[in-house]
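*Asks:*
Numbering (UniProt numbering), first residue to last: 1 to 212.
Structural data, given as structure tokens:
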């Protein structure tokens, strides 16, 4: 089975090359090097075609995310076919992505709702929403940390005034002092899917509670 491949045009990568210093909403990683996990199956990886700012050409990158939300990136050389790379070649190509490039620091436990890890056992009930890492590359500032922090703070504010038409927020997931995801109720349909399957969705308004 081949790894999942996603192709997109990412002009933003060209414009947001990371420079030295602190990333807004996150800090540079000064922790010891993190051991690279072994790729045991192609299913461990997500393979992405994106624009490489160094070679100024389309490149194939891949990422692996561990259960503890450690992120590792790799890139195939120009003469490598990702579909024919061995698991060992994938493993050797992986490099750890510092937390500070991807995740914001937790502002404060007193003002933040920390999601309980045991909720993960009930996968049918919750949805763990992490940042969009598919557009990220090591050394490229995609400004992910402030986006994650802003979304978390918005959900924290909305959770203080619950409404039946706003998805329930269970808190944020914290690893190594950083917000790596937010935890929400899991529904069987997205809002767009619900609108497509409900004839009077827009004409009936949003005054009634809708079960998704």
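Each residue gets a CB set at the ideal place from its N, CA and C atoms; glycine is no exception.
Which two residues bound the contiguous alpha helix (DSSP H) that contains residue 154?
*Replies:* Residue mapping note: residue 154 aligns to position 154 of the chain shown, counting from 1. Counting along the chain, the alpha helix (DSSP H) containing residue 154 begins and ends at 144 to 159.
*Asks:* Evaluate residue 28 with the Cβ neighbour count: other Cβ atoms within 10 Å of its Cβ, from every protein chain shown; 16 or more gives buried, anything less gives exposed.
*Replies:* Translated into the one-based positions of the chain shown, residue 28 becomes position 28. In this prediction, residue 28 has a pLDDT of 42, which is less than 50 and means its spatial position is unreliable; what the coordinates show is noted afterwards. Looking at its Cβ environment, which holds fewer than 16 other Cβ atoms inside 10 Å, residue 28 is exposed.
*Asks:* In three-state terms, what does DSSP make of residue 75?
*Replies:* Taking the chain shown and counting its residues from 1, the one referred to as residue 75 is at position 75. The answer is strand: DSSP assigns residue 75 an E or B state.
*Asks:* What does the Cβ neighbour count give for residue 56, buried or exposed, with the cut at 16 atoms within 10 Å?
*Replies:* Counting from 1 along the chain shown, the entry for residue 56 is found at position 56. Exposed.
*Asks:* Taking the alpha carbon of residue 67 as the reference point, which residue from 181, 88, 163, 140 has its own alpha carbon closest?
*Replies:* Here residue 67 refers to the residue found at position 67 of the chain shown. Ranking the options by Cα distance to residue 67, first place goes to 181.
*Asks:* By how many angstroms is the C-alpha of residue 194 removed from the C-alpha of residue 201?
*Replies:* Taking the chain shown and counting its residues from 1, the one referred to as residue 201 is at position 201. Taking the chain shown and counting its residues from 1, the one referred to as residue 194 is at position 194. Rounded to whole angstroms, residue 201 to residue 194 spans 8 Å at the Cα level.
*Asks:* Pull the bridge partners of residue 96 from the DSSP assignment, please.
*Replies:* As a working note, residue 96 is residue 96 in the chain shown. Answer is 72.
*Asks:* Return the CA-CA distance between residue 188 and residue 145, expressed in angstroms with no decimal places.
*Replies:* Counting from one through the chain shown, the residue named residue 188 turns up at place 188. Counting from one through the chain shown, the residue named residue 145 turns up at place 145. Straight-line measurement puts the Cα of residue 145 at about 29 Å from the Cα of residue 188.
*Asks:* Could you give the C-beta distance for residue 50 and residue 104, rounded to a whole number, given that I count them as a contact under 8 Å?
*Replies:* Indexing the chain shown from 1 puts residue 50 at position 50. Indexing the chain shown from 1 puts residue 104 at position 104. Between residue 104 and residue 50 the Cβ distance is about 23 Å, and since that is not below 8 Å, they are no contact.
*Asks:* Can you list, in chain order, the residues of its chain whose CB lies under 7 Å from that of residue 85, leaving out five sequence neighbours each side?
*Replies:* In the chain shown, the residue the question calls residue 85 occupies position 85. Closer than 7 Å at the Cβ level, and outside the excluded window around residue 85, lie 76.
*Asks:* Could you tell me the alpha carbon to alpha carbon distance between residue 95 and residue 174, rounded to whole angstroms?
*Replies:* Position 95 of the chain shown, counted from the start, is the residue given in the question as residue 95. Position 174 of the chain shown, counted from the start, is the residue given in the question as residue 174. Spanning the two alpha carbons is a distance of roughly 22 Å.
*Asks:* Are there 16 or more other CB atoms within 10 angstroms of the CB of residue 131, so buried, or fewer, so exposed?
*Replies:* Sequence index remark: in the chain shown, residue 131 carries index 131 (1-based). Residue 131 comes out buried.
*Asks:* Using CA atoms only, rank isn't needed, just tell me which of 64, 129, 54, 118 is closest to residue 92.
*Replies:* Your numbering for residue 92 matches position 92 in the chain shown. For the residues 64, 129, 54, 118, the minimum Cα distance to residue 92 belongs to 64.
*Asks:* Assign residue 115 to one of two classes, buried (16 or more other C-beta atoms within 10 Å of its C-beta) or exposed (fewer than that).
*Replies:* One-based indexing of the chain shown puts residue 115 at position 115. So residue 115 ends up on the buried side.
*Asks:* Quick one, which of 164, 78, 41 has its alpha-carbon nearest residue 87's?
*Replies:* Here the question's residue 87 lines up with position 87 in the chain shown. If we check each option's Cα against that of residue 87, 41 comes out closest.
*Asks:* Does the distance from the C-beta atom of residue 126 to that of residue 183 stay below 8 Å?
*Replies:* Locating residue 126 in the chain shown gives position 126, counting from the first residue. Locating residue 183 in the chain shown gives position 183, counting from the first residue. Contact: yes.
*Asks:* Over the uninterrupted alpha helix (DSSP H) stretch that includes residue 195, give me the two end residues.
*Replies:* As a first step, residue 195 must be located in the chain shown, where it is residue number 195. That run of the alpha helix (DSSP H) goes 191 to 197.
*Asks:* Just reading off the beta strand (DSSP E) that residue 113 is part of, what are its end residues?
*Replies:* As a position in the chain shown, residue 113 is number 113, starting the count at 1. Segment: none, residue 113 is in no beta strand (DSSP E) and carries neither H nor E.
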